[in-house]
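Since the structure comes first, as structure tokens, the remarks are kept for the end.
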Amino acid sequence: MTVAKPIPSLTSQRSVLPEGWPRPKGFSNGMLAYGPTVFIGGQIGWDVAGRFPDGFVPQVRQALANICDILVQAGAGPEHLVRMTWYVTDMNAYLGALKEIGAVYRELIGPHYPAMALVQVVRLVEPQAVVEIEATAVLPSEMVPPSRP
3 MTVAKPIPSL TSQRSVLPEG WPRPKGFSNG MLAYGPTVFI GGQIGWDVAG RFPDGFVPQV
63 RQALANICDI LVQAGAGPEH LVRMTWYVTD MNAYLGALKE IGAVYRELIG PHYPAMALVQ
123 VVRLVEPQAV VEIEATAVLP SEMVPPSRP
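Everything in the sequence shown is counted per the working numbering, starting at 3 for the first residue and increasing by one.
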């Protein structure tokens, strides 16, 4: 097994790529990580007032922004993500907007690609939601998440 070198500023995680496997585009097949862990429940594309934007890509943007907000609250950033699971109600809408989704992803998450899965579902709990994203982040061991009162 060949293990990719860790990103210099992120010594607590690294991508895992079995020898001979093609390098994936836009995700990692596996991640090796250790340190304080942040588990983020499924985030949908609504804002703090519970409003959904119109369209698939705007909901993806908001769901990713919600994830980033939770990461900041936990003392982490998008570079600490090690896993994401995307649930979409319309695979064709996702596939038809790959270029736009990629641009939004890079804008909010950056050039960091954790292990990912994408699943089409019949519907999500909130009827207006078209995407839900779960995530896990691992902070470097030397980072201590802020305490909350």
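Ideal Cβ placement from N, Cα and C applies to all residues, glycine included. From a predicted model like this one, the values you see are computed outputs, not experimental measurements.
6 Å CB neighbourhood of residue i in its chain, flanking five on each side removed
i: G37; result: S14, V140, L141, P142 and S143
i: W88; result: L120 and I135
Status (buried if at least 16 other CB within 10 Å, exposed otherwise) for residue i
i: A65; result: buried
i: N94; result: exposed
i: Q122; result: exposed
Residues that residue i bridges to, as DSSP identifies them
i: W23; result: Paired residues: none, contrary to the question.
i: L100; result: BP columns for L100 are empty, so no partner.
i: Y89; result: V121 and E134
i: I46; result: E134
i: V40; result: A139
Within-9 Å CB hit, residue i to chain B
i: A99; result: The displayed structure is made up of one protein chain only, and chain B is not part of it.
Cut-off 7 Å between Cβ atoms - residues of its own chain near residue i, not counting five sequence neighbours on either side
i: P55; result: G47, Q61 and Q64
i: Q130; result: F54
i: A99; result: F58 and V59
Length of the line joining the Cα atoms of residue i and residue j
i: D49; j: G57; result: 14 Å
i: L113; j: S17; result: Note on identity: in this sequence residue 113 is Pro, with Leu being the wrong assignment. Those two C-alpha atoms are separated by around 13 Å.
i: N68; j: W23; result: 33 Å
i: V74; j: F29; result: 22 Å
Cβ neighbours of residue i in the same chain (closer than 8 Å, five flanking residues each side left out)
i: V84; result: Q15, M33, A35, P116, A117, T138, A139 and V140
i: K101; result: none
i: V106; result: V59, V62, R63 and L66
Closer than 8 Å: residue i CB and nearest the ligand SAM heavy atom
i: H114; result: No copy of the ligand SAM appears in this structure; indeed no ligand is present at all.
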